[in-house]
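Just add 10 to the spot in the sequence shown (first one is 1) and you have our numbering.
Using N, Cα and C, we set each Cβ at its ideal position, and we do this for glycine too.
For reference, the structure discussed in these notes is given below.
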Amino acid sequence: MPAVGITCYPSQGGSGVVATELGLNLARHGCSVHFITSSLPFRLRRYRENIFHHPVEMPHYPVFEHSPYTLSLATAMSECAENCGLDILHVHYAIPHAASA
Numbered sequence: 011m012p013a014v015g016i017t018c019y020p021s022q023g024g025s026g027v028v029a030t031e032l033g034l035n036l037a038r039h040g041c042s043v044h045f046i047t048s049s050l051p052f053r054l055r056r057y058r059e060n061i062f063h064h065p066v067e068m069p070h071y072p073v074f075e076h077s078p079y080t081l082s083l084a085t086a087m088s089e090c091a092e093n094c095g096l097d098i099l100h101v102h103y104a105i106p107h108a109a110s111a
């Protein structure tokens, strides 16, 4: 079965729920699902078979007001794809996720 990476918002509603449910259903059908998010998605609060979480680490840069999330996300996606042998990377929201892909 394929290894699928999913980048999404880890929120309680909206696109985060849709992306998480997509991943849960893929995992139930035998796919290895890797969530690449800033924090653990709300609907993944307990262990589930074939589900893995890869947190996006955002270093603090004192020069900038906000951490460079897009660059940190791109790095996390690349590392996950290489280290976990992803077959598919699903980017579940255009901004900022598509820019990082």
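When PHE52, TYR57, ILE16, PRO69 are compared, the shortest CA-CA separation from ILE46 is found for ILE16.
Of LEU34, ILE98, ASN93, the smallest CA-CA separation from GLU59 is found for LEU34. Within the same chain, and ignoring the five residues on either side of ASP97 in sequence, the residues whose Cβ sits closer than 8 Å to its Cβ are PRO12, ALA13, VAL14. With respect to the C-alpha of MET87, the residue from LEU54, ILE61, HIS44 having the closest C-alpha is HIS44. Counting of Cβ neighbours within 10 angstroms places HIS39 among the exposed residues, the total staying below 16.
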